[in-house]
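To start, the structure itself, in structure tokens.
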């Protein structure tokens with residue numbers, strides 16, 4: 001290799017390294033400038049975000065700090081952009097990775113909450129039946145709840161334990177059950193706890209009322225299973241209807257480049273795109289409404 005070429009190679013390497021160093025220094029200065037002030041918008045948003053994560057995690061009896069999750073997201077974003085600077089990731093990979101990193105924890109926490117509520121609803125009829133059996137030998141409904149804790153499983157046991165602790169520190173039974181219903185956020189749980197509260201207030205044979213409530217919950221669960229089975233094919237067709245247009249457009253444009261250019265070169269073409277898009281979205285919304293059967 002000649003001396004001029006060697007010098008040019010060394011110059012390019014120095015420029016490249018210098019560019020990376022200046023980029024890193026600029027990012028460091030920008031981050032430091034925005035986070036040095038505790039009252040800056042960055043810290044205010046950080047506090048709101050971590051608090052919202054903890055508000056969603058605490059009702060699930062998960063004690064992970066929101067700041068830990070947010071710090072992990074920040075580290076993942078920094079690593080993603082650092083790798084992009086080094087090896088030039090495709091833009092689509094960078095975009096999808098950033099979106100997944102930003103919204104991933106929130107979506108996952110919400111999925112955990114829904115799964116937890118579903119499990120509580122699955123255990124609900126057994127819990128109500130256990131409470132009815134306990135009331136046959138224990139006259140106090142508060143003591144009956146304490147005895148039910150020993151025979152139910154998580155996550156229902158966690159909710160009942162917390163309700164019992166609230167009663168021990170001064171809350172009434174009504175307040176403890178209402179708090180439990182608010183934490184869980186399930187229509188079935190609301191109905192079951194309403195049956196307990198109303199049966200307690202009006203008197204009568206509360207164990208019999210609870211047994212009938214448990215039977216009704218089992219019947220509702222059976223009907224929901226039948227509905228899910230009957231609508232499964234329709235939901236699969238809904239997914240096909242949602243994904244097929246985009247896949248078809250991609251395949252046709254890949255097979256015949258410029259196949260859809262006529263739609264993007266005139267006002268009438270844009271109107272056709274707008275009309276087709278509106279009909280597609282309207283069809284999806286209508287199909288979703290038809291398949292959303294409420295028992």
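Residue numbers (UniProt numbering): 1 to 295.
Don't be surprised by glycine CBs; every beta carbon is placed ideally from N, CA and C.
Three-state class that DSSP yields for residue i in the structure shown
i, result
"residue 250", "helix"
"residue 150", "coil"
"residue 213", "helix"
"residue 65", "coil"
"residue 10", "Unreliable positioning characterises residue 10 in this predicted model, as indicated by a pLDDT of 46, which lies under 50. A coordinate reading is not provided."
"residue 87", "helix"
"residue 140", "coil"
"residue 1", "Any reading at residue 1 is ruled out, since the residue's pLDDT is 48, under 50, leaving its predicted position unreliable."
"residue 279", "helix"
"residue 73", "helix"
"residue 245", "helix"
"residue 260", "coil"
"residue 265", "coil"
"residue 203", "coil"
"residue 286", "helix"
Selection from the options that minimises the alpha carbon distance to residue i
i, options, result
"residue 98", "255, 117, 76, 111", "76"
"residue 109", "64, 172, 90, 179", "64"
"residue 320", "92, 140, 153, 101", "In the structure displayed, the chain extends from 1 to 295; residue 320 sits before or after that span and is not available."
"residue 58", "265, 162, 222", "162"
"residue 198", "224, 173, 276, 185", "173"
"residue 131", "160, 87, 271, 46", "160"
"residue 244", "264, 284, 225", "284"
"residue 213", "222, 228, 194", "194"
"residue 126", "92, 79, 217, 146", "217"
"residue 56", "222, 251, 267, 106", "106"
"residue 62", "155, 88, 83, 260", "155"
"residue 71", "232, 286, 101", "101"
"residue 277", "185, 249, 201", "249"
Whole-angstrom C-beta distance between residue j and residue i, which should lie under 8 angstroms
i, j, result
"residue 176", "residue 167", "5 angstroms"
"residue 129", "residue 211", "7 angstroms"
"residue 60", "residue 114", "Actually they do not touch by this definition, with Cβ atoms about 11 angstroms apart."
"residue 164", "residue 149", "7 angstroms"
"residue 94", "residue 84", "5 angstroms"
"residue 263", "residue 251", "Not confirmed; about 16 angstroms, so no contact."
First through last residue of the alpha helix (DSSP H) which encompasses residue i
i, result
"residue 118", "91 to 135"
"residue 156", "156 to 168"
"residue 174", "173 to 184"
Across the region 111 to 120 and the region 182 to 190, are there enough close Cβ pairs to call them in contact, namely three or more that are closer than 8 angstroms? When C-beta atoms of the region 111 to 120 are compared with those of the region 182 to 190, three or more pairs fall below 8 angstroms, so the two segments count as touching.
For the structure I just gave you, are there three or more beta carbon pairs, one from the region 276 to 291 and one from the region 233 to 245, closer than 8 angstroms? When C-beta atoms of the region 276 to 291 are compared with those of the region 233 to 245, three or more pairs fall below 8 angstroms, so the two segments count as touching.
Are three or more beta carbon pairs between the region 133 to 151 and the region 206 to 225 nearer than 8 angstroms? Look at the beta carbons and you see the region 133 to 151 touching the region 206 to 225: at least three pairs across the two are nearer than 8 angstroms.
Can at least three beta-carbon pairs, one atom from the region 67 to 82 and one from the region 44 to 57, be found at a separation below 8 angstroms? The region 67 to 82 vs the region 44 to 57: in contact.
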